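Step one of this worksheet: look at the structure below.
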Amino acid sequence: MRRLLWLSALLALCACVPRAFAADAGVSVPFDGADTMGFDILERVPLRLLSSIQGKPAPAAPRVDLAEAGKVWGNDVQIAKLLASHPEPKASFQFAVIGDAEPGRFPWQRIFAPSDAFRKHIRRIQGKNADFMIQLGDIVSKGVEGNYVKLVEFLNAEVRLPFLVVPGNHDRSQPNGEADKNLFKAVFVKTDYTFDYNGWRFIVLDSADRRLLPEQLSWLAGLLETRLPVLVFTHVPPGYLRGLLVSPMTEKGYNMSGYFDEGSAEFRKLVSAAKVARVYFGHIHALGTAQVDGVRYVLTAGGGSPLYPLPPGYPKRKTTHFLGVEAGPWGLRETVFELDGKSHPLF
Numbered sequence: 116m117r118r119l120l121w122l123s124a125l126l127a128l129c130a131c132v133p134r135a136f137a138a139d140a141g142v143s144v145p146f147d148g149a150d151t152m153g154f155d156i157l158e159r160v161p162l163r164l165l166s167s168i169q170g171k172p173a174p175a176a177p178r179v180d181l182a183e184a185g186k187v188w189g190n191d192v193q194i195a196k197l198l199a200s201h202p203e204p205k206a207s208f209q210f211a212v213i214g215d216a217e218p219g220r221f222p223w224q225r226i227f228a229p230s231d232a233f234r235k236h237i238r239r240i241q242g243k244n245a246d247f248m249i250q251l252g253d254i255v256s257k258g259v260e261g262n263y264v265k266l267v268e269f270l271n272a273e274v275r276l277p278f279l280v281v282p283g284n285h286d287r288s289q290p291n292g293e294a295d296k297n298l299f300k301a302v303f304v305k306t307d308y309t310f311d312y313n314g315w316r317f318i319v320l321d322s323a324d325r326r327l328l329p330e331q332l333s334w335l336a337g338l339l340e341t342r343l344p345v346l347v348f349t350h351v352p353p354g355y356l357r358g359l360l361v362s363p364m365t366e367k368g369y370n371m372s373g374y375f376d377e378g379s380a381e382f383r384k385l386v387s388a389a390k391v392a393r394v395y396f397g398h399i400h401a402l403g404t405a406q407v408d409g410v411r412y413v414l415t416a417g418g419g420s421p422l423y424p425l426p427p428g429y430p431k432r433k434t435t436h437f438l439g440v441e442a443g444p445w446g447l448r449e450t451v452f453e454l455d456g457k458s459h460p461l462f
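If you read the sequence shown in the working numbering, its first letter stands for residue 116, the second for the next number, and so on.
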């Protein structure tokens, strides 16, 4: 009898396995930033077996055209939308900064990711007085077509405010090592860009490859020759911040991994000499600040990505959140908005 049961289970498994490798034919699902078909065989088979048990999926919905998406969601297009929607000068204005939003490439990583946090952040921001949003990268778990299709569907359904994106390492064709940004560029077009808004200069720098190249630094140097206060946005923090980031409501510095070193020293000299008002970045899933050479740095990477248990040497202030920033003649006022509805000043 026991052998018969084992044989029945084996036959059921064999019947399911071919479907585990079949092309994904399911109906379009809400964006979660993760493409299960991008997993290797050990992750793919169990997930396909699970879907087989749950039943046959419905016919696929028409897929969005990623090249066409760039005409809507390109960073240059969104900047033009922002400037057109607020043509009159303002004494002060508000915007939101959202950190890493990808919920984890693998199922075991998603255990640590809050449910649907990115969507909840977007909806909450759009219920406030923000003029626009800047997302700091890692908006998808891996830069493959399926993830970007889901992302564009999500943006089309949810986002009404001007929405700017910084490239993160997960947004490339591979999260680690050498990779391309072809799909990111198809949807968001520019990876390094700048704009002036109500007397402030915004600069986005692509550090997704964990470096800043000489041509990027030269471009940055030219942009910093301005009397406007400057805000810089990038994904990976510069290496000289090791041991200096402090969690809000503590006084302890943390020596974390996950920095870029190539171009880091030159970047420090430039932003310090220009006395930029703020440098915002993500990549490390935590919340923290640092002060170096008179420049304030803000780590904000709680846009919906997993909040892993962190070992000693990492900030203990882990929270799913976004920043609300008000800019005016007095400078900047930053508020942390947490997923549970709480809010408090950054520092």
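Don't be surprised by glycine CBs; every beta carbon is placed ideally from N, CA and C. Computed from a prediction, not measured in an experiment: that's the story for all the values here.
- Taking a 10 Å sphere around the C-beta of N271, we find fewer than 16 other C-beta atoms and assign the residue as exposed.
- E330 sits in a helix when the DSSP states are folded into three classes.
- As a beta-bridge residue in DSSP terms, R411 pairs with Q406.
- Assignment of Q289 by DSSP, reduced to helix, strand and coil, places it in the coil class.
- G419 sits in coil when the DSSP states are folded into three classes, being neither helix nor strand.
- In this chain, the beta strand (DSSP E) harbouring R316 covers 315-319.
- By the neighbour-count criterion, in which 16 or more other beta carbons inside 10 Å mark a residue as buried, P329 falls on the exposed side.
- In the DSSP annotation of this structure, R238 is not part of any beta strand (DSSP E); the continuous alpha helix (DSSP H) holding it starts and ends at 232-241.
- The continuous beta strand (DSSP E) containing E453 extends over residues 446-453.
- Judged by beta-carbon spacing, S387 lies beyond the 8 Å limit of V351, meaning their Cβ atoms are not closer than that value.
- CA-to-CA, the gap between N262 and A380 works out to about 35 Å.
- Judged by DSSP in its simplified three-state form, V440 adopts strand.
- Residue pairing from DSSP places I249 in a beta bridge opposite V212, L279.
- Looking at the DSSP output, V347 sits in a beta bridge with I318, V394.
- The beta-bridge partner set that DSSP reports for T309 consists of I318.
- Apart from sequence neighbours up to five positions away, the residues of its chain that approach Q250 with a beta-carbon distance below 6 Å are I213, V280, ordered along the chain.
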